[in-house]
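Numbering-wise (my numbering), the sequence shown opens with residue 576 and increments by one.
We treat Cβ as the ideally placed atom computed from N, Cα and C, and that holds for glycine.
Here is the structure we will look at, set down as structure tokens.
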Amino acid sequence: MKRHELEGLSFLPASFPLPLDSPFTTATARQEAGLRPTDLTWLVRQGFLRRLIHGVYVANPVPDSLELRCAALRLVVPADAVVCDRHAGWLHGAHMVLAPNEHLQVAPVCVYLPSPGRRLRNHLADSGERTFARGDVIELMGLRVTSPLLTTWDLGRHRHVERSLAAMDQMLRLELFSKEELVAGVPRFRGMRWVRTLRVMVDYVDGRAESPPESILRLRWIQAHLPAPVPQLEVYDAGGSFLARLDLGNDELCFAAEYDGAEWHSSPEQLEHDRERRALVEAETPFIVKALRKQNLFGPRADAEAILRRGIAEARRRGSRTC
């Protein structure tokens, strides 16, 4: 099928030579339809296909589901291999544990083999060997996957504290285990790589964080040695009526901070809604609410800590009213 035959279409036609309701690999696309990687990239850019994992595609209208994710992994993962780390978290339901922009530039799948001397040697897998204890591996729709707890411990052992906390927050958010269980299992990883990160970050884990940037904003608050923040803080007016739920705040400080990501806080309507909601909170309560965006939290010009400190100082200057 030539590119010009798809011009003006919103979806792939029934005559498209590959499955329209199930995932397929780059190899299948080449063998059965003669499509090169550049053709698949073009189809993704045009919105006809999307990448699920490295080397696996699906027609864009097919909705995301656990079944679809497992079907995609079964195409590239050997039967005795164990899916680990961020892809295990993805299968358990924490889709935000994937690497930043991995839905656009998909990294190899994290797959490990239990037998000595074996590892996958292809461009689809980030592989190696691991030792698994009883209960560490479960079966999920025909795939061997690390358990939710082991997945969380593995994700917590990361060289970057931001990635460690954000991933563990997302896993705890699934409510598949308790924080007490998470903390209790940390000693088993003594001496392993990046275990110091896990030991420190596990105390800060909170499943109320709705996104990785919210987790990182909370970490910046903690690193600034400010009084403990509360994720998803509910704010009420003097009469007890609910006003808003704020990403992060502290009642004693009368201060809250929110992360405005581009996906949900960029259109004129979204920006106006944000302004009205925060103006209402500041008019009806002693709270000061500060919004931070990507450039405040990431990159060489990140100034989240300074914004938090200035906001708290402003809240304290508002007077003697209490929250």
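Ala831, buried or exposed, once every other Cβ within 10 Å from all chains shown has been counted against 16: Sequence index remark: in the sequence shown, residue 831 carries index 256 (1-based). Buried: at least 16 other Cβ atoms inside 10 Å.
Here's the rule I'm using: 16 or more other beta-carbon atoms within 10 Å means buried, otherwise exposed. How should Leu699 be labelled? For the purposes of this step, residue 699 is taken as residue 124 along the sequence shown, with counting starting at 1. For Leu699, the predicted structure reports a pLDDT of 45, less than 50, and the residue's modelled location is therefore unreliable. A value from the coordinates is still provided. So Leu699 ends up on the buried side.
Since Thr616 is in the alpha helix (DSSP H), which residue starts that stretch and which ends it? As a first step, residue 616 must be located in the sequence shown, where it is residue number 41. Taken as a continuous stretch (DSSP letters only), the alpha helix (DSSP H) holding Thr616 covers Pro612 to Arg620.
Counting only runs that start and end within the region 738-773, where is the alpha helix (DSSP H) found for 4 or more residues in a row? Within the region 738-773, complete alpha helix (DSSP H) segments of at least 4 residues are found at 754-759, given in chain order.
For the candidate residues Gly717, Arg734 and Asp744, whose alpha-carbon lies nearest to that of Leu724? Residue mapping note: residue 724 aligns to position 149 of the sequence shown, counting from 1. The residue with the shortest Cα to Cα distance from Leu724 is Asp744.
Ignore the nearest five residues each way along the sequence and tell me which others in Val856's own chain have a CB closer than 8 Å to its CB. On the sequence shown, position 281 is the one that residue 856 refers to. Once the five neighbours on either side are set aside, the close Cβ partners of Val856 are Val810, Leu818, Ala819, Leu821, Ala831, Phe862 and Val864.
Do you know how far the Cα of Leu688 is from the Cα of Arg705? Within the sequence shown, the letter at position 130 stands for residue 705. Within the sequence shown, the letter at position 113 stands for residue 688. Roughly 7 Å separates the two Cα atoms.
Taking only runs of the alpha helix (DSSP H) that begin and end inside the region 778-841, which ones reach a length of at least 4 residues, in chain order? DSSP runs (the alpha helix (DSSP H)) wholly in the region 778-841: 787-798.
Which class does Glu580 belong to by DSSP, given the choice of helix, strand or coil? Residue numbering aside, residue 580 sits at position 5 when the sequence shown is read from its first letter. Three-state result, Glu580: helix.
Please report the straight-line C-alpha distance between Asp596 and Leu587, rounded to a whole angstrom. Numbered from 1 along the sequence shown, position 21 holds the residue referred to as residue 596. Numbered from 1 along the sequence shown, position 12 holds the residue referred to as residue 587. C-alpha separation (whole angstroms): 11 Å.
Three-way DSSP call (helix, strand, coil) for Arg885 in this model: On the sequence shown, position 310 is the one that residue 885 refers to. If DSSP states are grouped into helix, strand and coil, Arg885 belongs with the helices.
Val651 and Thr616 look like a contact to me (Cβ under 8 Å); what is the Cβ gap, rounded to whole Å? Sequence index remark: in the sequence shown, residue 651 carries index 76 (1-based). Sequence index remark: in the sequence shown, residue 616 carries index 41 (1-based). Not confirmed; about 18 Å, so no contact.
May I ask which residues mark the beginning and end of the beta strand (DSSP E) holding Leu624? Position 49 of the sequence shown, counted from the start, is the residue given in the question as residue 624. Segment Leu624 to Ile628, the beta strand (DSSP E) holding Leu624.
Per DSSP, which one or two residues make a beta bridge with Phe599? Counted from its first residue, the sequence shown places residue 599 at position 24. For Phe599, the beta-bridge partners assigned by DSSP are Tyr632.
Cβ neighbours of Asn635 in the same chain (closer than 7 Å, five flanking residues each side left out): Looking up residue 635 in the sequence shown gives position 60. Excluding residues within five positions, the ones whose Cβ falls inside 7 Å are Gly622, Phe623, Leu624 and Arg625.
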